[in-house]
Every structure is written in C-alpha cells, then in structure tokens.
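*Asks:* Got a structure for you, written out below as structure tokens; questions coming shortly.
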Amino acid sequence: MSQTVSETVQVITHDEIIARLVAVIGRDNLPAQLHVPEIGPSAWTYVKDCLDTNWVSSVGTYVTKFETMVAEFTGARQAIATVNGTAALQVALQLCGVEYGSEVLMPSLTFIATANAVSYLGAVPHFVEINERHLGCDVGRLRDYLKDVLVAKNGSPVNRFTQRRITALIGVHAFGHPFDVEELREICRQFQITFVEDAAEGIGSYFGPTHVGNFGKLGILSFNGNKTITTGGGGIILANDETLAKQAKHLTTTGKLPHPWEFIHDVVAYNYRLPNLNAALGCSQMEDLPRLLEAKRELAAAYIAAFKGTNVRVLSEPSGCRSNYWLNAIILDSPGLEQRDVLLAKLHQQGVISRPVWKPMHQLPIYATCPRMPDLHVTELISERLINLPSSSNLRSVGPKLAKRPRVEH
Ligand SMILES: *Cc1c(COP(=O)(O)O)cnc(C)c1O
C-alpha cells in the first residue's frame with residue numbers, strides 16, 4: 450500500500466474497477482469463474498489406462514509416478530500422496546508431535562482446513578496476526594507476543610494463560626504468495642516450536658531458489674479442484690526426512706505391515722491414500738504445470754498493470770520470491786464490508802465471478818473462543834477489503850478450448 454510521495458494516486462470508482470477487470474479478462478470470456486482446472490490431452494490417456502487395466506483404486510503405478518513427479522518438481526526428498534490437503538496436514542501435524550490438548554499457532558486469515566486439521570487431533574488453534582505485504586504471519590509481532598505469552602515448563606513452551614503446551618506453528622502461503630519462511634523458521638527454532646508449512650495453495654511458488662513446503666519439518670500441498678493443478682481431490686506431504694516420510698506413508702495407508710497375505714497393523718492409522726485414478730489425472734497435470742504457471746503469471750501481470758498508479762492494490766509476489774499467483778487479489782482502500790459487498794454484487798452481475806477472502810478464523814463462532822493475539826487488526830482490515838479475482842490459467846481462452854475437448858476411442 451506504500452506509494453512514493455511524488456506519485457499521484459488515482460482514485461478510481463467501482464465502475465472503473467469493473468471496466469479494467471473486464472478489459473483484462475476480455476468481454477468474450479465472461480462469465481469468468483474464480484478458478485477452473487485446465488485439463489490437458491494426456492489426462493484422457495492416463496485415466497483411460499486406469500480404466501482399461503482395472504487399476505482404479507488404492508493400488509496402482511500412477512500414485513508412485515505422481516509422488517515422484519511432485520518430489521522432483523518441488524525438490525522435496527519425498528512426497529506422500531493423500532486423499533486431500535486437509536488429511537495431509539492432519540497427518541503432518543501428528544508426525545510433528547501435535548498432541549491432544551496442545552496449541553498450534555497459525556494466522557487467523559487462512560482457509561478453514563488449517564484450523565480443522567488441528568482440531569481433528571484434539572489440539573487447539575491459536576490465532577496470530579498477519580503482515581499486510583505477504584499475508585503470512587507478522588514475524589515481529591509474533592516474536593513480541595511469544596515473549597509475553599510463553600513460559601518454559603519441563604523444557605517445553607507453554608501458554609502461561611491456558612497452561613497448554615504450544616507444539617507447532619503452521620505457516621500459510623496465502624494465495625500462493627510465499628511469506629518470510631526463513632524468519633518464521635528461526636523464531637520457531639528460538640522458541641522450540643515445530644514449524645509446519647501449509648503450502649496447500651503454493652505449488653510453483655518459491656522463496657529464493659527453494660520451492661515452498663520445504664522449509665518446515667513437513668509441508669503439504671493440495672490438489673483440490675480449485676487449486677493451481679488438481680487431481681479431482683488430493684493432497685501431498687512433502688518430507689525431507691527419510692524417517693518422517695516412511696511414517697507418513699505408513700500412517701496414511703492404514704498402518705499395514707508389508708506381508709503377502711496377513712493383515713497386521715501396528716498403529717491406529719488412516720485410510721488417506723490417493724486413488725490411482727486421481728493420481729493418473731495428477732500426472733497429466735504435473736506435465737502441464739510449467740505452462741499453466743506461465744499463463745497464470747501473464748494474467749497476474751495484466752491485473753497488476755491494469756491498476757498501476759491507482760488506489761487499488763493488486764497483491765504481487767514479495768521481493769526475492771516467485772509466486773504461482775494461484776488466486777489474484779485486489780485490496781480496496783475504502784474501509785468497511787459494505788463497500789466490498791456492493792462491488793462484489795456488481796462484479797457478479799457483470800460475470801466477473803469474484804470472492805471475498807475467508808472470514809478470519811477468530812470471527813467464526815466455532816473458533817471464537819480459541820486463544821489469539823489480542824490485536825488482529827491487520828487480519829480484520831484485509832478481510833474486509835480483499836477480493837479474489839478470476840484466476841484460471843485458461844481464463845482468456847476458455848471458449849475455444851472447452852469446445853475442443855479431445856475425444857478418446859473406447
Ligand atoms: C485448499 C487448502 C487446504 C486444504 O486442502 P484440501 O485439499 O481442500 O483438503 C488447506 N489449507 C489451505 C490454506 C488451503 O487453501
């Protein structure tokens with residue numbers, strides 16, 4: 450939101466905002482959805498292969514292939530595919546020592562899955578403030594807060610108000626924009642809190658030269674239908690520790706010990722594996738990923754150019770980082786939900802299908818009584834002013850592409 454004094458900021462009306470968005474998207478491409486998948490021709494081949502060979506479910510070669518492709522792309526030593534991103538996060542947290550009755554720090558501005566994964570383990574989300582630049586945790590505020598709130602008990606950090614152990618902190622790469630991973634990791638180390646990365650939205654995003662999801666003890670990605678690439682539904686755990694990777698595979702696949710016929714399970718585990726059908730789609734999506742990321746980058750550049758010099762801020766990649774621009778976002782400078790909702794209604798009328806950001810977790814009745822930083826005003830301010838824009842990789846070429854679906858002989 451900082452502008453140099455010499456620049457004059459042009460204040461634009463709602464109608465002008467809409468006109469500029471329509472110009473970027475192209476009138477012929479309306480209505481434009483928020484985010485739709487772009488399925489390449491090899492998807493038909495790979496999915497059909499599953500059908501032809503009967504390998505549609507929990508066993509098959511595409512799962513391993515997909516895991517290898519994601520590991521190679523992200524640079525993670527291992528990748529463990531799961532049925533969705535929420536399941537991946539739940540298992541990652543469990544393996545990172547998040548236990549019943551402990552607390553897990555996270556930004557209040559996130560998708561509900563971040564908090565739910567913590568709740569599934571019987572742990573309690575603890576909400577902290579974000580930085581308006583990248584929408585990740587505000588590192589400075591967090592440091593001061595932890596100094597005030599944490600006391601050491603038997604060598605572990607404990608919330609002195611609730612007497613609960615604080616086991617982990619989840620960093621969230623909001624809309625694919627990398628936050629200050631190194632600084633946050635350092636704070637976690639300093640306070641002896643395990644750092645876990647919710648990189649659900651971040652495939653194709655880098656902090657420096659390193660793909661997001663590789664900075665935490667474990668990281669996760671999501672392949673839900675609205676993410677940058679999809680497996681229909683799916684997720685993955687990124688691991689750089691061989692032992693944790695093995696445990697993650699074991700815990701997501703019912704904890705069965707390898708044996709040709711016996712059913713021996715040595716831990717209460719989950720059936721969270723990704724079906725082969727979904728992994729087949731994922732392999733095709735991984736092949737297309739570099740091209741989809743390029744297209745999304747071009748779209749983001751067009752949105753940024755369209756609002757340059759105005760009072761509408763377009764969220765852009767933090768310096769030193771590369772963002773996948775999963776969902777583009779504008780931040781209005783006018784206060785209040787009313788203004789935002791008037792604009793949203795107009796956008797929908799015009800076929801520019803936009804969405805407000807998530808309601809902050811601390812404002813949801815189900816999480817309203819959780820511990821939190823007393824001052825979350827940046828979270829609240831952003832939540833009232835941020836609008837996500839149509840961001841599909843094929844946004845500006847939807848018409849012709851949808852008409853030309855490849856046909857496969859059966
Ligand atoms: C999408 C998402 C998840 C969960 O992924 P699913 O595959 O939908 O379960 C978790 N965290 C964030 C921040 C997300 O955007």
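The sequence shown begins at 450 in the numbering used here and counts up one residue at a time.
All C-beta atoms, glycine included, are put in the ideal place defined by N, C-alpha and C.
Nothing here was measured: the structure is a model prediction, and the numbers come from that model.
1) Using CA coordinates, which residue listed in 832, 569, 470, 512 is at the minimum distance from residue 536?
2) Using the DSSP secondary-structure output, state which residues sit across from residue 646 in a beta bridge.
3) Shortest alpha-carbon distance to residue 578 belongs to which of 721, 809, 701, 514?
4) In or out: residue 629 buried (at least 16 other Cβ within 10 Å) or exposed?
5) Quick check on DSSP: helix, strand or coil for residue 717?
6) Give me the Cα-Cα distance between residue 675 and residue 603, rounded to the nearest whole angstrom.
7) Contact between the stretch 666 to 682 and the stretch 642 to 649 is defined here as three or more beta-carbon pairs at a separation below 8 angstroms; is this criterion met?
8) Considering residue 628, what are the terminal residues of the alpha helix (DSSP H) in which it resides?
9) Please report how far the alpha carbon of residue 614 lies from the alpha carbon of residue 636, in whole angstroms.
10) Any heavy atom of ligand 1 within a distance shorter than 7 angstroms of the CB on residue 630?
11) At a cut-off of 7 angstroms, would you count residue 589 as near ligand 1, judging by its Cβ distance to the nearest heavy atom?
12) Using the C-alpha atoms, what's the distance from residue 719 back to residue 708?
13) Residue 514 and residue 732 - do their beta-carbons sit closer together than 8 angstroms?
14) Measure from the alpha carbon of residue 576 to the alpha carbon of each residue in 826, 842, 841, then state which is nearest.
15) Please find out if some non-hydrogen atom of ligand 1 comes closer than 7 angstroms to the beta-carbon of residue 538.
16) Between 762, 573, 790, which lies nearest to residue 811 when the distance is taken from Cα to Cα?
17) Kindly confirm or deny that the stretch 690 to 710 and the stretch 513 to 530 touch, where touching means at least three C-beta pairs closer than 8 angstroms.
18) Apart from the five residues on each side of it in sequence, which residues of its chain come closer than 6 angstroms, Cβ to Cβ, to residue 776?
19) Leaving out five residues before and five after residue 853 in sequence, what residues of the same chain have Cβ atoms less than 6 angstroms from its Cβ?
20) Three-state secondary structure (DSSP) at residue 655?
21) Spatial neighbours of residue 547 within its chain, please: C-beta separation below 6 angstroms, excluding the five flanking residues on both sides.
*Replies:* According to the structure shown:
1) Sequence index remark: in the sequence shown, residue 536 carries index 87 (1-based). Measuring C-alpha to C-alpha distances from residue 536 to each of 832, 569, 470, 512 identifies 569 as the nearest.
2) Counting from 1 along the sequence shown, the entry for residue 646 is found at position 197. According to DSSP, residue 646 bridges with 620, 668.
3) Within the sequence shown, the letter at position 129 stands for residue 578. Answer by Cα proximity: 809.
4) Looking up residue 629 in the sequence shown gives position 180. Per the 10 Å Cβ criterion, buried.
5) Taking the first residue of the sequence shown as 1, we reach residue 717 at position 268. Reduced to three states, the DSSP call for residue 717 is coil.
6) As a first step, residue 675 is located in the sequence shown; it is residue number 226 there, counting from the start. As a first step, residue 603 is located in the sequence shown; it is residue number 154 there, counting from the start. Here the C-alpha atom of residue 675 lies approximately 44 angstroms from the C-alpha atom of residue 603.
7) yes
8) Within the sequence shown, residue 628 is the residue found at index 179, counting from 1. It is not in any alpha helix (DSSP H) - residue 628 carries neither H nor E in the DSSP assignment.
9) One-based indexing of the sequence shown puts residue 614 at position 165. One-based indexing of the sequence shown puts residue 636 at position 187. Cα to Cα, the separation comes out at about 17 angstroms.
10) Against the sequence shown, residue 630 aligns to sequence position 181. No, ligand 1 has no heavy atom inside 7 angstroms of this Cβ.
11) For the purposes of this step, residue 589 is identified with residue 140 of the sequence shown, where counting begins at 1. Incorrect: residue 589 has no Cβ contact closer than 7 angstroms to ligand 1.
12) Reading the sequence shown from its first residue, position 259 is the one you call residue 708. Reading the sequence shown from its first residue, position 270 is the one you call residue 719. Approximately 18 angstroms between the Cα atoms of the pair.
13) Position 283 of the sequence shown holds residue 732. Position 65 of the sequence shown holds residue 514. Cβ atoms of residue 732 and residue 514: closer than 8 angstroms.
14) For the purposes of this step, residue 576 is taken as the residue at position 127 of the sequence shown. Looking at the Cα atoms, 826 is the closest of the given residues.
15) For the purposes of this step, residue 538 is taken as residue 89 along the sequence shown, with counting starting at 1. True, at least one ligand heavy atom lies under 7 angstroms from that Cβ.
16) Taking the first residue of the sequence shown as 1, we reach residue 811 at position 362. The shortest Cα separation from residue 811 among 762, 573, 790 belongs to 573.
17) yes
18) Mapped onto the sequence shown, residue 776 falls at position 327. Taken in chain order, the residues that qualify are 624, 837, 840.
19) Mapped onto the sequence shown, residue 853 falls at position 404. For residue 853, the pLDDT reaches just 47, beneath the cut-off of 50, and the residue's location in the model is therefore unreliable, although a value from the coordinates is still provided. Around residue 853: no qualifying Cβ.
20) Walking along the sequence shown from the start, residue 655 turns up at place 206. Here residue 655 sits in strand by DSSP.
21) Along the sequence shown, one-based indexing puts residue 547 at 98. Here the set comprises 553, 570, 572, 616, 617.
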